[in-house]
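See below for the structure under consideration.
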Amino acid sequence: MVDMEKMFNPKTVALVGATDKEGTVGEATLKNLLLGKGKHTVYPVNPAHETVAGLKCYPNIISVPEHVDLVVVATPAKSVPEVVEECGKAGVDGVVIISAGFREIGKEGVELEKQISAIRAKYGFRLLGPNCVGFVRPAVHLNATFLRDNPEAGSIAFISQSGALGSAILDWATVSHVGFSMFASLGSMLDLDFGDLIDFLGSDASTRSIILYVEGIGTAKKFMSAARGFARTKPIIVLKAGKYNTGAKAVQSHTGALAGDFEVYDAAFKRVGVVRVDQIGDLFNCASVLDSKRLPSGPRLAIVTNAGGPGVVASDYVTDLGGELAKLSDDSMKTLDEHLPPYWSHGNPVDVLGDADVARYQTAVGTCLADPNVDGLLAICTPQGVTPAADLAAAVVKLTKDRSKPVLTVWMGEKGVIEARRKFSENSIPTYPTPEEAVKTYMYMYRYRRNLDLLYETPEELPVDMMPPNSHLKLMVRKAISEGKLLLSQADADKFLDAYNIPRLNGGFARSEEEALMVARKIGYPVVLKIVSQDVVHKSDVGGVVTGINSTETLAHEFSKLMDRVKVLKPGARIDGVYVQRMAKSVDYELILGSKKDRDFGAVLLFGSGGIGVELFRDFSIGLPPTNQVLARRMMEETTIYKALAHGLRNRAPANTKTLEEVIVRFSGMITDFPEIAEVDINPLSVAEGKVFAVDVRILLDSKPPDRSTPYPHMVIMPYPTKYVVPWKLEDGTDVLLRPIRPEDEAIESEFINGLSDEASRYRFFSIVRNLPHSDLVRFCNIDYDREMAIVATITEGGRRREIGVGRIISEPDKRRGEFAVVIADQYQAKGLGRKLVDMLIDIAEERRLESIYGVVLKDNAPMLTLCKEMGFSLKPTQDYTEVELALRLEASSQGQVQTQSQEEQTEGATGLAQ
Ligand code: ADP
Ligand code: MG
């Protein structure tokens, strides 16, 4: 598959379906394409015309005299497969299908789409649409749409699934002079979807922030990888349609009923650092403010105002949105007392009063900004009497110059504050007409910052020696699926809890009253009886739970009553027996811990308030596996019940939240290990006297066994791959640990790069690199294991870990080839480490089914070239460097010729390694 570069920056563009007929899509599109005349060549294509718009018109793509980078197709749907086939034959790089009449019209359209997909796959060009309005790249003067608007150039990329909504927003943005680096509508997403576009825009120099209007995400895994890769460098802001049509279709589990699309999308966005907004206006607002380097490191907002009213409105809104008003330090209070009139507000909001002059206002803003208890500041001004609005603005601008804390401004009014607002805009200080808008933006800034933290969390795969023995569970699951018994009995589900060390109440299955009495005697009274039937989803609903059984007599009595009741309330239900469970006393909290598979994002986790009212409370949060304690804590914090769990409630003691964290992490481990699990409810997960235990657990399996060809087919985020952690020895006997890099390795990675000799540095980076900025180091250390793998070699020296080498392989987005690079600290070269790392990278590439792995090696890097040759790479020298490549699959080998050639000029280099 070719990349998107040529398609989005084309030199030659053809329009199939070009016409002069006014009011047609073909005509409108051609006009737009011709706006960029001189920047790219435009070829009209239409067999019905000799000339169109005064240009020579070609009968088809193949007859166009030049290679075509981009083809825009605007012909009736039926003709599109043939046109696309010709595009493939002509070897074009990209195709945009703006024609409609595909899946939206039903079966026939779906069939056409299938044909187009097959043709695209055969030739490998990239495809946008069908049923989209096309795309615009103002920076390269390309408008490949039929829209009437031609947006201005700027730094915002806007990707919309819906063409109609996209063009409406574009219309609005054009009037408001918002500039774009790109606008694209995705339509049916037969090929290019959100993930692809983020990949392209992430490395597009003209794009600084990316905004998305999303209905469905496309390939979720691709989206997650792409967003995770770029969210840190370019803010990604999303408006997701369909907040309230989340179908609570699943009745099989509470988790299924609660975790609708919207909640899952929200959790996924958060996890990859994407900001979700509620309103169209917020998209653009956020695009500009989040891109600023000034993000609040905490929620604590200080408000300075010269009028009481707006200050109160702002502080109320802070509370409404779950924000926090800063509590000013004693020092700040003292300074303010000294400089403000005695009747100032004596707290935050700092009301400097209507008669404040520039000096007073300036002192207040300066003091708050300097206060360590303040994370961000909102400056409000209402022009009153003689207040010089523009001068106050100038003072604020001056104070924000060398502070890293964000300042937002609200200069209320219209005519009187034009000058002030202009000053703010010129100095890139966000300014809003109302306090609410400013507060809302501050909260977005804070949430974005907080989401970015999550990107550093890399939950692990369990190391092999810590993996719970689970082969008995695997067998059980396989058997259940083959027999079609998808709902596990509680007794079987208990085995899962036990394996993953999730505490539960003691209990056992009983077929008859006699057996029930036996089980009860074993576990001890009081007990609870619960009906066991495949046909009963929620036991309490059919009177299937009897609590508080204190004696054998009561048990016998309740047993038969239970059977009778269920038979009446659920006629025809197949009853297997009862589950006899120890009764928990003095339960303080009932929680729910669950999992389900989302159509787009695979397995998700749910935590919240549980018990029989779970669907009534709707107090829950969603997370994605894999998870670790930090992420588990975040999930808990997002619920209302968390406050009670952490601090207690009236006479109820707090729960041990640390234990809860651990239970969530182990539960996530269970979900990670078992792609066969469709849904789980642990409801309630109860807390009594500080102890946490599962009371009721239901596990539902998928009817089809999972596709085991990829390691975690049911997850969109890959866990830290513990399997690549290998203890090893250098040739001189030094112990080395080889393991995948982690975000926490930034310090040792930086030390390692700075310690390389000039030569080693040049071999690796093609120039001498020292003191890389944090942003680069982050990209080296915080990687997406699905796309990239970096194996670091570390030794322990003086009780401290040191990095002595690193090998890295990055899959191209289409996952056909992977680029690798290896670098070893000078004093550890020629000890076999380079070979070991390259060898590991080859294994990894093979495992990921890459077709080949390649690297770019400087010509004077003889040791690396020698090693590559020895390991069977083919060498292709170009003017400046040598490209080395190893075909991993036979059909991908096209290098035979080059290899012979390079063997002839084989050099006898050193055996050690520099790169
Ligand atoms: P279902 O959810 O199918 O109705 P549960 O086993 O969750 O059945 O029981 C319903 C409710 O009964 C629980 O939410 C809990 O409040 C209470 N309960 C069930 N088992 C026990 C037990 N062993 N000890 C204390 N309370 C229990
Ligand atoms: Mg229950």
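In the working numbering, each number is its position in the sequence shown, counted from 1, plus 264.
Note that CB positions come from ideal geometry on N, CA and C, so glycine has one too.
Considering only the alpha carbon of each residue, which of the options lies closest to residue i?
{"i": "residue 846", "options": "452, 815 and 668", "result": "815"}
{"i": "residue 835", "options": "859, 797 and 292", "result": "797"}
{"i": "residue 1060", "options": "777, 991 and 934", "result": "991"}
{"i": "residue 468", "options": "889, 763 and 267", "result": "267"}
{"i": "residue 212", "options": "1072, 617 and 955", "result": "Only positions 265 to 1179 of the chain appear in this structure, which leaves residue 212 out of reach."}
{"i": "residue 298", "options": "329, 275 and 899", "result": "275"}
{"i": "residue 360", "options": "757, 926 and 393", "result": "393"}
{"i": "residue 1130", "options": "1094, 1152, 496 and 788", "result": "1094"}
{"i": "residue 915", "options": "286, 954 and 456", "result": "954"}
{"i": "residue 747", "options": "1113, 1051 and 969", "result": "969"}
{"i": "residue 401", "options": "412, 421, 387 and 384", "result": "421"}
{"i": "residue 905", "options": "942, 1021 and 856", "result": "856"}
{"i": "residue 647", "options": "844, 840, 618 and 630", "result": "618"}
{"i": "residue 485", "options": "532, 501, 526 and 466", "result": "532"}
{"i": "residue 1101", "options": "1132, 1076 and 1080", "result": "1132"}
Tell me, which residues are paired with residue i by DSSP?
{"i": "residue 675", "result": "645"}
{"i": "residue 862", "result": "866"}
{"i": "residue 1086", "result": "1071"}
{"i": "residue 750", "result": "According to DSSP, residue 750 bridges with nothing at all."}
{"i": "residue 390", "result": "358"}
{"i": "residue 308", "result": "279"}
I need the DSSP call for residue i, collapsed to helix, strand or coil.
{"i": "residue 357", "result": "coil"}
{"i": "residue 610", "result": "coil"}
{"i": "residue 407", "result": "strand"}
{"i": "residue 1147", "result": "strand"}
{"i": "residue 595", "result": "helix"}
{"i": "residue 362", "result": "coil"}
{"i": "residue 279", "result": "strand"}
{"i": "residue 841", "result": "strand"}
{"i": "residue 315", "result": "strand"}
{"i": "residue 303", "result": "coil"}
{"i": "residue 925", "result": "helix"}
{"i": "residue 1053", "result": "strand"}
{"i": "residue 936", "result": "helix"}
{"i": "residue 1158", "result": "Note on residue 1158: pLDDT 48, under 50, position unreliable in the model; the coordinate value appears next. Three-state result, residue 1158: coil."}
{"i": "residue 1018", "result": "helix"}
{"i": "residue 447", "result": "strand"}
{"i": "residue 339", "result": "coil"}
{"i": "residue 998", "result": "coil"}
{"i": "residue 1058", "result": "strand"}
{"i": "residue 590", "result": "coil"}
Quick check on residue i: buried or exposed, where buried means 16 or more other Cβ atoms within 10 Å of its Cβ?
{"i": "residue 1018", "result": "exposed"}
{"i": "residue 270", "result": "buried"}
{"i": "residue 930", "result": "buried"}
{"i": "residue 369", "result": "exposed"}
{"i": "residue 279", "result": "buried"}
{"i": "residue 610", "result": "exposed"}
{"i": "residue 890", "result": "buried"}
{"i": "residue 1135", "result": "exposed"}
{"i": "residue 1013", "result": "buried"}
{"i": "residue 782", "result": "exposed"}
{"i": "residue 389", "result": "buried"}
{"i": "residue 861", "result": "buried"}
Taking Cβ to Cβ, would you say residue i is nearer than 9 angstroms to residue j?
{"i": "residue 984", "j": "residue 723", "result": "yes"}
{"i": "residue 419", "j": "residue 473", "result": "yes"}
{"i": "residue 311", "j": "residue 320", "result": "no"}
{"i": "residue 1150", "j": "residue 1116", "result": "yes"}
{"i": "residue 475", "j": "residue 410", "result": "no"}
{"i": "residue 566", "j": "residue 640", "result": "yes"}
{"i": "residue 1105", "j": "residue 1068", "result": "no"}
{"i": "residue 750", "j": "residue 965", "result": "yes"}
{"i": "residue 706", "j": "residue 587", "result": "yes"}
{"i": "residue 859", "j": "residue 713", "result": "no"}
{"i": "residue 959", "j": "residue 950", "result": "yes"}
{"i": "residue 553", "j": "residue 694", "result": "yes"}
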